[in-house]
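Down below is the structure, laid out as structure tokens.
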Amino acid sequence: MSGKVAIVGGGAAGMAAALSALQAGAEVTLFEKGSALGGILNQCIHNGFGLSYFKEELTGPEFAERLADKVRDSAIDVRLDTAILSIGKDLSIAYESPKGSGTLRADAIVYTAGSLERSAGAIALPGDRPSGILTAGQAQLYLNHYGYLPGKKIFILGSGDIGLIMARRLTLEGAKVLGVAELCPYPNGLNRNIVQCLEDYDIPLYLSHTVTRAYGKGRLTAIELSEVGPDRNPIPGTGRRIECDTLVLSIGLLPLLSLLRPLGLRKNLAGQIEVDDSLMSSLPGLFMAGNALHVHDLVDNVALEAETAGREAARMALGERASGGKELLSKAGDGIGYLIPGRIRESGEEEVLFRFRVRVPNKDCFLVFSQGDKILKKIKKMSIIPSEMEFVKIPKKLLDFSQKTTIEVKLCH
Ligand SMILES: Cc1cc2nc3c(=O)[nH]c(=O)nc-3n(C[C@H](O)[C@H](O)[C@H](O)COP(=O)(O)OP(=O)(O)OC[C@H]3O[C@@H](n4cnc5c(N)ncnc54)[C@H](O)[C@@H]3O)c2cc1C
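Using the numbering used here, read the sequence shown as starting at 107 and increasing by one per residue.
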């Protein structure tokens with residue numbers, strides 16, 4: 107083993123993974139298809155980043171620069187403007203840049219290629235296809251990066267954090283945000299964003315509503331807003347027309363996994379790449395972190411997760427990975443949307459950190475971790491919501507690796 111670790115993607119996750127792999131003794135190459143490090147953070151010019159990781163409130167670009175400065179000052183081989191085209195089962199990476207193409211054979215890879223936004227096609231939005239319908243990330247890029255206001259009378263579909271942040275940002279830049287519609291009967295963004303981005307600006311939030319039609323030839327002229335029933339289907343006869351020139355879609359992010367598809371990696375029921383507690387996928391040597399593994403609300407958690415992946419990738423590359431022992435499977439039970447990790451190794455760290463989200467908001471409930479009939483941990487929750495990721499550590503000594511029973515987390519009342 108020559109200790110070569112390759113990092114795919116130079117956002118917060120890629121930079122944190124690269125720094126931690128270097129610190130653990132690996133020879134690190136970081137590939138970023140863009141011309142700068144930082145990823146999505148570079149267009150998030152609002153504050154609210156870094157409170158736990160840097161113990162300071164920073165903007166997205168400031169957070170990115172802190173990590174990028176460390177990367178630039180280190181021995182990490184940074185390849186900007188270099189897109190990864192494919193990853194082989196032998197951990198070879200094919201890349202292309204303006205200087206030419208090539209292949210690098212790594213001893214371990216950390217895949218941190220981020221996520222992509224769901225677009226109008228994902229919700230089969232009926233009606234015309236005029237200009238003026240764009241995703242929240244695109245609107246953010248136009249406004250914050252290129253200085254273009256994407257519209258004047260704007261409606262937002264989806265109450266995820268990006269949509270909420272864009273409602274405030276567009277208002278501050280002089281657009282009229284007519285409202286935000288959310289399919290669910292509860293908001294999907296963080297509470298602080300509901301208050302600071304909608305309520306402070308008197309922007310109405312239409313819960314249990316969706317956009318059922320787009321109108322306009324050339325440019326969007328109106329949308330139809332309808333109520334939805336408990337089955338989330340539009341209720342006939344509730345549609346009303348709202349005149350607007352722009353519809354911003356904030357209907358979710360999905361891990362960007364296209365490069366991994368040919369590898370046939372195991373996935374969990376939520377469609378995420380299944381990893382063990384060292385964040386290694388079912389292909390030995392391929393580690394995952396950041397939004398490519400699961401979509402995060404806070405970059406601080408992205409960076410911490412990526413540090414683990416980087417360190418573990420270095421151990422693998424240097425032949426220092428703890429091996430032997432058994433593995434247990436874990437699964438998301440009642441009320442839990444997904445659970446990471448999907449496998450827990452008897453070897454390695456003494457504690458396992460579970461990351462998960464609940465499916466729907468709940469009050470006065472318990473999170474229960476169990477193995478068969480044995481309760482491992484029970485945590486009282488006054489309130490729990492899907493938009494906030496949960497983290498729970500469990501010492502491995504509580505787990506019985508001689509049994510084949512699965513570790514389960516579920517929500518109980
Ligand atoms: C609008 C918005 C607002 C947010 N607000 C907050 C907030 O207030 N506070 C907070 O803490 N967090 C916030 N977040 C969350 C946080 O910023 C993200 O979760 C985090 O930055 C994601 O980092 P990442 O490295 O996983 O992904 P990304 O930043 O997406 O980085 C992935 C990188 O991989 C590169 N890449 C992809 N494919 C390839 C390839 N084939 N070859 C080479 N490179 C490739 C991309 O170019 C990109 O640079 C926000 C996120 C968004 C989108």
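Even for Gly, the Cβ is constructed at its ideal location relative to N, Cα and C.
In the displayed model, F169 falls within a helix according to three-state DSSP. Closest in C-alpha terms to G448, from the list R211, T135 and F462, comes F462. By the beta-carbon neighbour count (other beta carbons within 10 angstroms, threshold 16), E279 is exposed. With respect to P361, S221 sits close: the two C-beta atoms are nearer than 8 Å. Membership of A420 in any beta strand (DSSP E) is not indicated; the residue belongs instead to the alpha helix (DSSP H) covering V405 to A423. Taking non-hydrogen atoms of ligand 1 into account, the C-beta of D406 is found less than 7 Å away from one of them. Annotation: G206 is outside any alpha helix (DSSP H); the continuous beta strand (DSSP E) that includes it extends over G206 to R211. When Y321, A419 and L445 are compared, the shortest CA-CA separation from G454 is found for A419. Nearest to L504 by alpha-carbon distance, out of I513, E496 and A415, is I513.
When secondary structure is reduced to three states using DSSP, N148 falls in the helix class. Annotation for I190 indicates a beta carbon within 7 Å of some heavy atom of ligand 1. Boundaries of the beta strand (DSSP E) around D183: D183 to R185. Judged by the Cβ position, S221 qualifies as a neighbour of ligand 1 at the 7 Å threshold, a heavy atom of the ligand being closer than this. Relative to ligand 1, even the nearest heavy atom lies 7 Å or more away from the CB of I229.
Membership of D470 in the beta strand (DSSP E) is indicated by the continuous run N468 to Q477. Ranking G109, A200, P340 and V111 by CA distance to the CA of L365 puts A200 first.
The straight-line gap separating the alpha-carbon atoms of E494 and A142 is approximately 29 Å. In the displayed model, M121 falls within a helix according to three-state DSSP. With contacts defined as CB atoms closer than 8 Å, L359 and V401 qualify as a contacting pair.
Annotation for K437: T512 and E514 place their beta carbon closer than 6 Å to its own, counting only its chain and skipping 5 residues before and after. Annotated three-state conformation of M272 is helix, per DSSP.
The stretch 261-334 is shown to contain whole alpha helix (DSSP H) runs of 4 or more residues at 267-278, in chain order.
Shortest Cα-Cα distance from L482 to any of P492, K502, D470 and R465 involves K502. Non-local beta-carbon contacts of I442 in its own chain, meaning distances under 8 Å to residues more than five positions away in sequence, involve F462, R463, V464, R465, V515, K516 and L517 in chain order.
With fewer than 16 other Cβ atoms from the protein chains shown falling within 10 Å of its own Cβ, E163 counts as exposed. Rounded to whole angstroms, the gap between the alpha carbons of D183 and L389 is 24 Å. In this structure the stretch 391-405 lies against the stretch 111-127, because at least three pairs of beta carbons, one per stretch, are closer than 8 Å. Ligand 1 approaches V114 closely enough that one of its heavy atoms is under 7 Å from the residue's Cβ.
According to DSSP, residue pairing for T512 in a beta bridge does not occur.
For G324 against P236, the beta-carbon gap comes to about 6 Å, under 8 Å, which counts as contact. The alpha-carbon separation between G145 and G343 amounts to approximately 43 Å. The residue from A112, L326 and P340 with its alpha-carbon nearest to that of S198 is A112. Counting C-beta pairs closer than 8 Å gives fewer than three between the stretch 311-330 and the stretch 366-385, which falls short of the contact rule. One thing to note: K258 has its Cβ no nearer than 8 Å to the Cβ of D175. R427 and D179 have their C-alpha atoms roughly 27 Å apart.
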